[in-house]
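Under the working numbering, think of the first position of the sequence shown as 1320, with each following residue one higher.
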Amino acid sequence: MLAFVMQKHKNILLAFSFIINVFGFGISEAAPVRNGSLAQEGYFVYDRSLQKMIGSTPGLSIDHVSAQGFEVWGPRGLGQWLQRNKIRSAPLSPVNTKGAGDYPSPEEISQELKGIAQTAPQLTRLFSIGKSVKGRDLWVMKIASKVEQDDNRPEFKFIANMHGDEIVGRELMVLLIKDLVSNYGKDEFVTKLLDSTQIYIMPSMNPDGAAAGTRGNGNSVDLNRNFPDFSTNDNQDRPDGRAVETQAVMNWQATRKFALSANFHGGAEVVNYLWDTTGEKHPQLQWLQSLSLGYAKLAPYIFASTTFKNGITNGYDWYEVNGGMQDWSTYYRRDVQFTVELSNEKWPSYSKVDYYYKQNRSALLYLMSQTHNVAQFWAKNLRSSFQPAR
Ligand SMILES: [Zn+2]
1320 MLAFVMQKHK
1330 NILLAFSFII
1340 NVFGFGISEA
1350 APVRNGSLAQ
1360 EGYFVYDRSL
1370 QKMIGSTPGL
1380 SIDHVSAQGF
1390 EVWGPRGLGQ
1400 WLQRNKIRSA
1410 PLSPVNTKGA
1420 GDYPSPEEIS
1430 QELKGIAQTA
1440 PQLTRLFSIG
1450 KSVKGRDLWV
1460 MKIASKVEQD
1470 DNRPEFKFIA
1480 NMHGDEIVGR
1490 ELMVLLIKDL
1500 VSNYGKDEFV
1510 TKLLDSTQIY
1520 IMPSMNPDGA
1530 AAGTRGNGNS
1540 VDLNRNFPDF
1550 STNDNQDRPD
1560 GRAVETQAVM
1570 NWQATRKFAL
1580 SANFHGGAEV
1590 VNYLWDTTGE
1600 KHPQLQWLQS
1610 LSLGYAKLAP
1620 YIFASTTFKN
1630 GITNGYDWYE
1640 VNGGMQDWST
1650 YYRRDVQFTV
1660 ELSNEKWPSY
1670 SKVDYYYKQN
1680 RSALLYLMSQ
1690 THNVAQFWAK
1700 NLRSSFQPAR
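What follows is the structure in structure tokens.
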């Protein structure tokens, strides 16, 4: 008991010393950001017992908890603080992109998307929903038959690469766009999908981070800690004061009626379902689990996970995320979102991209095709029962 009290005491002292130190290091130099959304430094901490303390320290956020430890992200000074407190850790940022082969630059991705849109004008429409901090376009590709018709076919979206150093999702999205375009009229499933659904794909929400190999955007903001969150003080669904990339997604989503979506990450291999921000059970938990399982079963390496049973997990059971896009999208905009962690390595060798595409292809098609079920489910159940009681 005494040891426990001492440990608890030590943790509170550590947290307190971090707050003092952060202010000592001048957090005010940084762009104004929401609590916990600065990712100027990132470390892997080899001590699971510190997860709670570090996760609840203002200004810090944790990610990718595993048996070995967890990632911690925060403002400048984090590394020195870890060192001073003798917390065993290793730096994570920027991710080592060297030797991984030739991933395209954000500019090359732009060119590729423009080329596809030019060659398949009946099926694709490329548009930018805004600019990144460094002035790069935030591209979205709409894919559907009769693409210019903005009609009442249900709407689906994928967003990848919101963490700039998690690159696999961006590549899979470009491959998926090409696959859909080239198989329309040939593959029955794809043809039916594009005839009946309006699909929107955003390969990179954070091109500045992708260019630099960093988690955060051009101002080191962690975009997946930057959205309104119903369980925190930052609970007003307003874009002002957030990162420009976050604002772009919020404003764009306000113009659409997405029924279902997913966002892609790297650093683990698992399908993550609501909620991330609270341990409260989602009112439609079984349904969320069955959709997650549907995805995982069709992505064999995810389903075979030895870390997560059947390759799925509830977000909060894994670790708490405040300000995440998944919960925001579902809670505020009634667009049910899943988070798919695609690869244990955030920036694997480029030669592995094809493997990940092949492993995920059926699952991606499955999830897009579920838009119809979700839209029907919406109509029947969700208006009254989707949000947690509060
Ligand atoms: Zn991520």
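Idealized CB from N, CA, C, for every residue including glycine.
Quantities reported herein were computed from a predicted structural model and do not represent experimental measurements.
Q. With respect to the beta strand (DSSP E) encompassing residue 1699, which residues constitute its N-terminal and C-terminal limits?
A. Here residue 1699 belongs to no beta strand (DSSP E), and DSSP marks it neither H nor E.
Q: With residue 1425 as the anchor, note down where its alpha helix (DSSP H) starts and where it stops.
A: 1425–1438 is the extent of the alpha helix (DSSP H) around residue 1425.
**Q.** Segment limits, alpha helix (DSSP H) that includes residue 1659
**A.** Run containing residue 1659: none in the alpha helix (DSSP H); it sits in the beta strand (DSSP E), 1655–1660.
Q: Within its chain, find whatever has a CB closer than 6 Å to the CB of residue 1449; leave out the 5 residues flanking it on each side and keep chain order.
A: Only residues of its own chain outside the window of five on either side were considered, and among them 1457, 1567 have a CB closer than 6 Å to the CB of residue 1449, listed in chain order.
Q | Limits of the beta strand (DSSP E) - the one that residue 1456 falls within | A | From DSSP, the beta strand (DSSP E) with residue 1456 extends over 1456–1462.
Q: Check residue 1447 in the structure and name its three-state DSSP category.
A: It is a strand residue.
Q | Residue range of the unbroken alpha helix (DSSP H) whose run includes residue 1564 | A | Taken as a continuous stretch (DSSP letters only), the alpha helix (DSSP H) holding residue 1564 covers 1563–1572.
Q | Range covered by the alpha helix (DSSP H) that runs through residue 1684 | A | In the DSSP annotation of this structure, the continuous segment of the alpha helix (DSSP H) that includes residue 1684 starts and ends at 1672–1688.
Q. Which runs of the alpha helix (DSSP H), 4 residues or longer, sit entirely within the stretch 1597–1654?
A. Runs of the alpha helix (DSSP H) inside the stretch 1597–1654: 1604–1617, 1619–1622, 1634–1637, 1644–1652.
Q) When we look at the beta-carbon of residue 1508 and count the other beta-carbons within 10 Å, is it buried (16 or more) or exposed? A) Burial state of residue 1508 is exposed, judged by a 10 Å Cβ sphere holding fewer than 16 other Cβ atoms.
Q: Reducing DSSP to helix, strand and coil, say where residue 1401 ends up.
A: Secondary structure of residue 1401 (DSSP, three-state): helix.
Q | Chain-ordered list of residues that sit, by beta carbon, closer than 7 Å to a heavy atom of ligand 1 | A | Proximity to ligand 1 was defined by a C-beta distance below 7 Å to any of its heavy atoms, and the residues meeting it, in sequence along the chain, are 1382, 1481, 1482, 1485, 1543, 1584, 1585, 1586.
Q) Contact check, residue 1474 vs residue 1444 under 8 Å by CB: the rounded distance? A) In this structure, residue 1474 and residue 1444 do not form a Cβ contact; the two beta carbons are roughly 13 Å apart against a cut-off of 8 Å.
**Q.** Nearest-angstrom Cα separation, counted from residue 1357 out to residue 1394
**A.** Straight through space, the alpha carbons of residue 1357 and residue 1394 are spaced by roughly 6 Å.
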